[in-house]
Structures are given as C-alpha cells and as structure tokens.
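*Asks:*
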Amino acid sequence: MGRAVLLHLTCVILAFWSVSLVKADDPYRYYTWTVTYGTISPLGVPQQVILINGQFPGPTLDVVTNNNIILNLFNKLDQPFLLTWNGIKQRKNSWQDGVLGTNCPIPPNSNFTYMFQPKDQIGTYTYFPSTLMHKAAGGFGGLNVYARPRIPVPYPLPTGDFTLLIGDWYKTSHKALQQSLDSGKTLPNPDAILINGHTKSSFNGDQGKTYMFRISNVGLSTSLNIRIQGHTMKLVEVEGSHTIQNVYDSLDVHVGQSVSVLVTLDRPPKDYYIVASTRFTKPVLTATAVLHYTNSQTPVSGPVPAGPTDEIVWSMKQARTYRWNLTANAARPNPQGSFHYGQITPTRTIVLANSAPLINEKQRYAVNRVSYINADTPLKLADYFNIPGVFSMNSIQGVPSDGPAFMATSVMPASLHDFIEVVFQNNENTMQSWHLDGYDFWVVGYGFGQWTQASRNSSYNLVDALTRHTAQVYPNSWTAILVSLDNQGMWNMRSAIWERQYVGQQFYLRVYNPIRSLANEYDIPANVLLCGKAIGRHP
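Going by mature numbering (1 follows the signal peptide of the UniProt record, and there is no 0), the letters in the sequence shown line up with residues -24 to -1, 1 to 515, in that order.
#1: Can you look up lysine -2 in the DSSP assignment and give me helix, strand or coil?
#2: Tell me, which residues are paired with proline 105 by DSSP?
#3: Cα separation between valine 420 and arginine 444?
#4: Within this structure, are the beta carbons of isoleucine 191 and valine 229 separated by less than 9 Å?
#5: Evaluate threonine 78 with the Cβ neighbour count: other Cβ atoms within 10 Å of its Cβ, from every protein chain shown; 16 or more gives buried, anything less gives exposed.
#6: By the 10 Å Cβ neighbour count, where 16 or more other Cβ atoms means buried, how is glutamine 319 classified, buried or exposed?
#7: Here's the rule I'm using: 16 or more other beta-carbon atoms within 10 Å means buried, otherwise exposed. How should aspartate 158 be labelled?
#8: Please list the terminal residues of the continuous beta strand (DSSP E) segment that includes valine 289.
#9: Three or more C-beta pairs closer than 8 Å, one from the segment 178 to 193 and one from the segment 220 to 240: is that the case here?
#10: Identify the continuous alpha helix (DSSP H) that holds aspartate 476 and give its terminal residues.
#11: Below 8 Å, can you find three or more Cβ-Cβ pairs linking the segment 290 to 303 to the segment 348 to 365?
#12: In terms of residues, what are the limits of the beta strand (DSSP E) holding alanine 152?
#13: Specify the secondary structure class of phenylalanine 179 as computed by DSSP and reduced to three states.
#14: Tell me whether the beta-carbon of isoleucine 98 lies closer than 9 Å to the beta-carbon of proline 309.
#15: If you follow the beta strand (DSSP E) that leucine 412 is in, where does it begin and where does it stop?
#16: Since alanine 265 and phenylalanine 400 should fall inside the 8 Å C-beta cutoff, what is the C-beta to C-beta distance between them, to a whole number of angstroms?
#17: Quick one: what does DSSP say aspartate 394 is sitting in, helix, strand or coil?
#18: In this structure, does DSSP put leucine 355 in helix, strand or coil?
#19: Based on the DSSP secondary-structure assignment, which residues constitute the bridge partners of proline 389?
#20: Among the residues of its own chain, which have a CB less than 6 Å from the CB of glycine 136, if the five just before and after it don't count?
#21: Pick out whichever of Met209, Thr198, Gly63, Val449 has its Cα sitting closest to the Cα of proline 259.
#22: Give me the Cα-Cα distance between glutamine 72 and serine 431, rounded to the nearest whole angstrom.
#23: Could you give the distance in angstroms between the alpha-carbon of proline 81 and the alpha-carbon of leucine 58?
#24: Determine the burial state of glycine 161: buried for a count of at least 16 other Cβ atoms within 10 Å of its Cβ, exposed for fewer.
#25: Per the DSSP calculation, isoleucine 169 is bridged to which residue(s)?
#26: Give the single residue among Ser391, Thr285, Tyr341, Ile396 whose Cα lies nearest to the Cα of threonine 325.
#27: Mapping the DSSP letters down to three states, classify glycine 512 as helix, strand or coil.
#28: Note down, in chain order, each residue of its chain lying with its Cβ closer than 6 Å to the Cβ of lysine 509, except the 5 sequence neighbours on either side.
#29: In terms of residue numbering, what span does the alpha helix (DSSP H) encompassing valine 432 cover?
#30: Can you round the beta-carbon distance between histidine 207 and alanine 304 to whole angstroms, since I take them to be within the 8 Å contact cut?
#31: Thinking just about the alpha-carbon of each residue, which of Gly423, Pro322, Gln482 is nearest to the one in serine 371?
#32: Just verifying my parser: in three-state terms, what is the DSSP assignment at tyrosine 317?
#33: With H, G and I counted as helix, E and B as strand and the rest as coil, what does DSSP make of histidine 230?
#34: By the DSSP assignment, the beta strand (DSSP E) with histidine 268 in it spans what residues?
#35: Looking only at C-alpha atoms, which of Pro35, Ala306, Asn43 sits nearest to glutamate 213?
#36: So the candidates are Lys210, Val39, Met91, Gly74; which of them puts its Cα closest to the Cα of proline 125?
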C-alpha cells in the first residue's frame, strides 16, 4: 500500500472517528454576557435599567434540547447579582439554579460561569435576575428550547418565530422600590405595560404564512391578557408541554408563565394591533404592538380590541381548557401521555396557604405562617458542608395552622422519588402565582373557596392535565398540582409575584436521598462561589 494511500485512509478514519465523537455527545454552546446599567426611556422618561450585552431586554437564548450551555456572566453592577433560568429543570444540578438558596451572588466586578443543560425539555422559557428587586430594572429575556430535528412536533413548522416578553413596568427605580418594601410598605400599581421592553414594537410577516408567537409574562405582579386584532391564536405549547390545539381569541398569561401560539396571517394585507392589557386591575393598563403584513400599505387603525369583560370565572374556565396532547412526542420520542400520573397514589398532601401579615409593624408575606428570610450562606452550601444554624427544617408545616406569623429561613424536607400532592390555598382577595424550581408539575385542578378532599372527585383532571412550572391561584380559591420528586436538590418554591417573594412568600424544598450518588445529583462544581459561613471550605 502506497504512503499517499495510507495517509489518505488514516485521515478518513480520523475524520470518521471525530464525527462519531461529536455525534456521541450533546453539543456545547458558549456565551459571554456582561451585565451593566444603562439609561433608556421606555415610558418617555429617562431611567436606569439593567442591560445584558447592552440590550434591554437581554439577548434571547435560542438553543436545542440537551445542548450544554456554558455561559460566563460578568457583573458590572454596584450590587451582587444572579440570573435564574425560569422553567429549566436543572436535572440533578440545583448548583446552577441561580437563586440565593443555592448560589452565592456574583459580587460586583466579578464573574461566574453557569453550566447547565435543558435535559429532555422543549418549549418557551425565560431568564431573569433573582437578586433584590433587579427584575424591576430588566435583566430578563427569552429562553427558547427547540426540538432536535429528528423529533417531530405535532404541527407544521411555522415560517418563523416571534418572542413576546410582556410585563408591567414602573418608572420608579428598582432601588427605590426595594427601599419601599424594606421600610414595610407595599408597592403601588405599575405605571404601564411593556412589550419587548417598549410601548411600541412591530412584528413583520408574509400574508398567508403561519408564525409562532412565544409569549411570556416577565412582569412583577400583574396578570395580562394577550390578543391580536382580527386573528385567532392556536395554542400549541405551554412551558414545555404540547397541548390540544384549541383556538382562542385571547389568552390570559399570569406572572411567570409562558405560552406558544400559532397565528396564520390570513387577513387582508394591512397592519393589526397586538394588545396586552392587565387583568383584575383598576384601572386597566394597555400596551399595543403592530403585526405588519409585508405587503401592507395600510397602517394600523380602528379601536384597540377590548379584552374579556368577565373576570375570574372566565379566566378559570379558560385555564381548564388547557389539555395535554397525549399522542405527541415531547423532547424524547415517547408520547407525553405515557406517564399515567392520575393512577399514582400520592405519598403526601401539602397544603400551602399564603397570607399578608404585619411583623414588627412591617408588611410581610408568608406561607403557612412563615415569612422567609434569606440567610448569608446559601442553603445548598450549608447542606453540603453540614454547616449548622443556617436554615430550619421544622419551621414550616405541611398544612396551615392558627397563630401569629413569624420569620425563618424555612426548608421543607422531602424524599427523592416521592409523588406528592400540593394544594395552593389562597384566602386573600388577590391573584397569586406559584413557581417551583427544578420541576414541572401537573396542574390538576382549580376551584373556588376552600379545598377539601372531596375536591379531588369533583374538580381534578387526572387524565390529560398540563405539566408546567408556574400555576396561577385565583382570589379566594385553590389550585392543586401533582409533582414527581425525581430531581434531588434544594429547590425554591416561591411566589412569582416578585414583591411577595422578596418579602417572604417562599421557602425551599429539600429533595433528599441519604446515599450520595452521581446517579441522583451532580457533585459540587469546581468553580462554585463561596460566601457566608462557607468561606474557606474546600469543595
């Protein structure tokens, strides 16, 4: 065999081996983000906001399921900072959750590299700051996880995607809002609604084509209704679940939630309003954007389409129409409905009642009488290093009880592989929104008044309820979820309404197995930040 032929054959074998290695591993995606302050005027008044790589809102992360995300974040603010990945499960990896119970905040003029993977997930998600009141200044953005090409989705591929970040907004700075909460006051009503950080945005599409709108409520406190003048919206995905493809004129999207809809541009060529307006508020705040047909010669006109006039009953009825598409694949090629959640007997029922007590003459928010306070040491680090006195596992109870509210760094213990029922009982006359990090869960029921065991028979959907990461709870009502605790770690259960989270309506769920194993949870990362009582410890 000649030398040239041998060299060529060797190169072919090495090339084949290299390709095989690439195919054997999930791809890596590398990002460098710098967080700074900037001045913009979203409401016509200059104000300080948080920028990521100079952008407000921050860059959209478009990734494919199972991509390995390596994101180096530089904090150029004058305060410690963290980002959390809203709805990304962080399988076996609460070390990357990006909340104060699991991570030390990134000090000013420092950096931290997040390393995480949207394992077996697809759908529409977001990221946002979890520290202080930074979310009120920006720092949020879209996080879209696409299916791998060989995994089909249950609808024709749209011509394009639009990310819509809708949310309430204040002219007041985030530091002033924080000072108000620290002094024991409540926040005033927001000043406006923004769509993608602006009061005027435009989305361009071709007549006759179908587009996906990925809609997320990134606001602080307000449920919103979204609609498009003259068009209907076909719901196809909610926070990672393919849905029965019902068609809606408008959709309620509550704080922290995301939905994906298909919109076909099948109307006469002109410009049309996209409208987001507040729900359950007086007055109603409204923001508009423009859906522009590329062959349009006619600007937007006519009255802005009105939202639903019915309030709680209408919204709850709509929520009950959201159903799982049991015949569709998820991120893996097995049907979503192969997990028969309704046939599993829960190992435990937890009832969580929110409240708004005064403690030391200051407004606080609580869960089962406990108003959470952040420790100087992340709970995850305290647990890993066996540091005593950082958190309490007997302060918060699994059912409401009578008595005065009190403050504590509350952790609720749970066992790995338990299957639990959680009831969010809202006895206040305000809208609630609850989120659980590290998981999605089946939202099996909504109801008015007090939940009872009989509610399971009359109000639960045990066949095709959606899995999602954030659930709304209507005033003087309850919402029930089922959760399979298959993800070990220290996970934040919190109000998605940021004022309430900041002043105590949260706790941590410690999902634990006494046998330390990489099969259950990844080890502490080599680049972990240490703070508080963990300073000087060695991973």
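Note that CB positions come from ideal geometry on N, CA and C, so glycine has one too.
*Replies:* Taking the structure as given:
#1: Bear in mind that a pLDDT of 38 at lysine -2, under 50, signals an unreliable position, so the model cannot answer this.
#2: Leu59
#3: 11 Å
#4: yes
#5: buried
#6: exposed
#7: exposed
#8: Note, valine 289: premise wrong, no beta strand (DSSP E); alpha helix (DSSP H) at 288 to 296.
#9: yes
#10: Note that residue 476 corresponds to arginine in the displayed sequence, not to aspartate. Here the alpha helix (DSSP H) through arginine 476 covers 474 to 478.
#11: no
#12: Not the beta strand (DSSP E): alanine 152 falls in the alpha helix (DSSP H), residues 150 to 158.
#13: strand
#14: no
#15: 408 to 412
#16: Not really, about 32 Å apart at Cβ, beyond 8 Å.
#17: coil
#18: helix
#19: Arg486
#20: Tyr187
#21: Thr198
#22: 37 Å
#23: 5 Å
#24: Position check: residue 161 holds lysine in this sequence, whereas glycine was assumed. Lysine 161 should be labelled exposed.
#25: Asp144
#26: Ile396
#27: coil
#28: Thr353, Ile363
#29: For the record, residue 432 in the displayed sequence is arginine; it is not valine. Start and end: 431 to 435.
#30: 24 Å between Cβ atoms; not a contact.
#31: Gln482
#32: helix
#33: coil
#34: 262 to 269
#35: Ala306
#36: Val39
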